[in-house]
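Q: Position in the sequence shown counted from 1, then plus 1, gives you this note's numbering. The beta carbon of each residue, even a glycine, is placed where N, CA and C say it ideally should be. Fair warning: this is a prediction, and the values are worked out from it, not measured in the lab. I have a structure here, written as structure tokens, and I will follow up with some questions on it.
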Amino acid sequence: MFGKNKEKKWYQSEGKNSDVVISTRLRFARNLNGYPFPHVMNDEQKKEVNEKVRDALLNGNSALRDSFKYIEADKLTGCQLASMVERHLVSPEFAQNPKGRALLLMNDESVSIMLNEEDHVRIQVMGSGFDLEGLYDIADKIDTLLDETLHFAFDEELGYLTACPTNLGTGMRASVMLHLPATETDGTLRRIAISLGKIGATIRGSYGEGSQSTGALYQVSNQVTLGISEKDTISNLTEITNQIIALEKKSRAALVKSEQCQDNIWRALGILKSARVMSSKEFADLYSAVRMGVAEGVVSGITLDKLSDIFAMVQPAGIMEEYGDSMTPEQRDKKRAEILRKELKDAEIA
């Protein structure tokens with residue numbers, strides 16, 4: 002269904018600091034007055050909330066209304082939902098229990114609004130590279146537009162009321178996905194992780210809380226939502242991210258000069274371009290080396306935005322959505338290798 006949609010997606014363009022920053026994401030948690038939180042709602046209440054949010058966005062006068070499609074989660078296959086998780090359009094929790102849930106999805110997938118996940122409304126905006134302020138502006142406009150009709154639950158002391166107390170206040174989570182192979186290698190990343198907790202931020206794996214890093218991909222996000230404004234949160238996370246970017250670039254400058262690092266990059270590119278079978282784990286490790294090689298000018302003939310497109314293209318559920326949801330893991334691994342040989346054919350050592 003969605004794998005066949007060839008409209009250009011947000012991750013197919015290159016953003017600011019894309020040599021280190023893969024993407025930026027902002028999320029607002031909101032709830033409607035007069036309804037209990039989703040975990041205690043009945044089916045009829047969930048349906049009402051879905052319809053109210055849908056109508057507030059799609060039936061209003063906003064220019065955005067023609068850019069969204071409304072999707073009932075239980076109408077999707079397990080493969081389609083898993084593919085959405087891979088593309089960070091929905092959370093694993095949303096996909097695991099789709100009944101009574103829905104999604105408002107922008108055509109380029111830069112905005113996804115989950116309905117009846119942990120909260121009634123989860124507004125999520127994503128963009129390539131480092132763009133916290135730009136994405137905040139978009140998320141704030143959508144939030145204001147919906148609030149005009151829905152009147153989100155708000156308390157003068159506690160701020161926006163949310164199902165999880167850790168989201169009280171702004172209800173905003175901002176995160177930056179970073180590629181940190183050099184600081185991971187030299188141990189700087191461990192020191193960064195310890196320091197972040199002291200200043201209200203955290204670093205996690207590529208799928209957020211509880212996930213492990215693959216391919217040296219990490220999420221840096223704010224932890225505090227109560228007692229701090231949205232703009233101060235953006236300012237703090239921007240400063241933190243800029244410091245991490247500077248550390249990663251400094252570490253890379255030293256690392257990429259080593260013969261061992263260059264050999265790793267060359268080997269990784271050679272395997273990706275010639276393998277007949279490729280697992281997800283092996284791909285993630287090799288992809289990390291090649292991405293750093295492109296960013297540092299060691300590899301030519303391919304761009305960072307093309308690499309991001311390839312990364313999305315070869316995820317397990319994405320392959321199954323495009324080529325058949327009955328594929329075995331072995332068939333997926335063969336198809337992944339085939340895609341990589343085709344897409345990386347022009348990449349070469351600079």
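#1: Per DSSP, which one or two residues make a beta bridge with L105?
#2: What is the DSSP secondary structure of E349, counted as helix, strand or coil?
#3: Of the residues F312, P182, Y219, which one's Cα is nearest the Cα of I266?
#4: What does the Cβ neighbour count give for P330, buried or exposed, with the cut at 16 atoms within 10 Å?
#5: Note down the Cα distance separating R192 from L273, rounded to an integer number of angstroms.
#6: Where does the unbroken beta strand (DSSP E) through N223 begin, and where does it stop?
#7: Short of 6 Å in beta carbon distance, which residues of its chain neighbour G294, apart from the five on each side in sequence? Order them along the chain.
#8: Would you kindly work out how many angstroms separate the C-alpha atoms of R337 and E87, rounded to a whole number?
#9: What residue from I139, K282, Q97 has the CA that sits closest to S111's CA?
#10: Pull up the distance between the alpha-carbon of G298 and that of V257, whole angstroms please.
#11: At the level of alpha carbons, what is the spacing between V126 and A269?
#12: Between the C-alpha atoms of K307 and S19, what's the straight-line distance to the nearest angstrom?
#13: Provide the residue span of the beta strand (DSSP E) that contains L27, from first to last.
#14: Since E15 and G130 should fall inside the 8 Å C-beta cutoff, what is the C-beta to C-beta distance between them, to a whole number of angstroms?
#15: Relative to the alpha-carbon of L359, which residue among Q13, K232, E339 has its alpha-carbon at the smallest distance?
#16: With respect to the beta strand (DSSP E) encompassing L179, which residues constitute its N-terminal and C-terminal limits?
#17: Indicate whether the contact test is met: 3 or more Cβ pairs, each with one atom in the segment 198–207 and one in the segment 219–229, closer than 8 Å.
#18: Cα separation between R55 and Y71?
#19: What is the DSSP secondary structure of G61, reduced to helix, strand or coil?
#20: Going by the beta-carbon positions, is the gap between R31 and D156 smaller than 8 Å?
#21: Considering only DSSP beta bridges, list what I193 is partnered with.
#22: Return the CA-CA distance between H40 and D347, expressed in angstroms with no decimal places.
#23: How is the beta strand (DSSP E) around G128 delimited, first residue to last?
#24: Give the single residue among E118, N62, K53, G128 whose Cα lies nearest to the Cα of E94.
#25: When you compare only the Cα positions, how much space is there between I350 and V122?
#26: Leaving aside the five residues before and after A57 along the sequence, list all residues of the same chain whose C-beta is less than 7 Å from its C-beta, in chain order.
#27: As a quick exercise: from L82, I114, H89, pick the residue whose alpha carbon is nearest that of P99.
#28: Let's see if you can read the secondary structure: which residues bound the beta strand (DSSP E) around I204?
#29: Using C-beta distances below 8 Å, list every residue in its chain close to Q46, excluding the 5 sequence neighbours before and after it, in chain order.
#30: Thinking C-beta only, is F153 closer than 8 Å to L106?
#31: Exposed or buried, which one is V21 when buried takes at least 16 other CB atoms within 10 Å?
#32: Measure the C-alpha to C-alpha separation of A296 and K48 and round it to an integer number of angstroms.
#33: Identify whether V91 lies in helix, strand or coil by the three-state DSSP scheme.
A: Result, derived from the coordinates:
#1: DSSP lists Y71, I114 as partners of L105.
#2: In this structure, E349 counts as strand in the three-state DSSP scheme.
#3: Of F312, P182, Y219, the smallest CA-CA separation from I266 is found for P182.
#4: Classification of P330: exposed, given that the 10 Å Cβ count is below 16.
#5: Spanning the two alpha carbons is a distance of roughly 32 Å.
#6: Per DSSP, the unbroken beta strand (DSSP E) holding N223 starts and ends at 218–223.
#7: Excluding sequence neighbours, G294 sits near I266, V300.
#8: R337 and E87 have their alpha carbons spaced roughly 15 Å apart.
#9: The candidate whose alpha carbon is nearest that of S111 is I139.
#10: About 10 Å.
#11: For V126 and A269, the distance between alpha carbons rounds to 33 Å.
#12: Between the alpha carbons of K307 and S19 lies a gap of roughly 12 Å.
#13: 22–31 is the span of the beta strand (DSSP E), which, as asked, contains L27.
#14: So it is a contact: roughly 7 Å between Cβ atoms.
#15: The requested residue 359 does not occur in the structure, where the chain is confined to residues 2 to 351.
#16: Segment 173–180, the beta strand (DSSP E) holding L179.
#17: Contact between the segment 198–207 and the segment 219–229 is present, because at least three Cβ pairs lie under 8 Å.
#18: Distance between the alpha carbons of R55 and Y71: 7 Å.
#19: Three-state DSSP puts G61 in coil, outside helix and strand.
#20: No; because the gap between Cβ atoms is not below 8 Å, this pair is not in contact.
#21: None; I193 has no bridge partner.
#22: The alpha-carbon atoms of H40 and D347 are separated by roughly 50 Å.
#23: Secondary structure note for G128: its beta strand (DSSP E) is the uninterrupted segment 122–129.
#24: Of the candidates E118, N62, K53, G128, the one whose C-alpha sits nearest the C-alpha of E94 is E118.
#25: In a straight line, the C-alpha of I350 is about 47 Å away from that of V122.
#26: Same-chain partners within the cutoff: L147, T150, L151.
#27: Ranking the options by Cα distance to P99, first place goes to L82.
#28: I204 -> beta strand (DSSP E) spans 202–205.
#29: Hits under 8 Å: Y36, P37.
#30: For L106 and F153, no; Cβs fall outside 8 Å.
#31: With 16 or more Cβ atoms within 10 Å of its Cβ, V21 is classed as buried.
#32: Cα to Cα, the separation comes out at about 47 Å.
#33: Looking at V91 - three-state DSSP - the assignment turns out to be coil, as it is neither helix nor strand.
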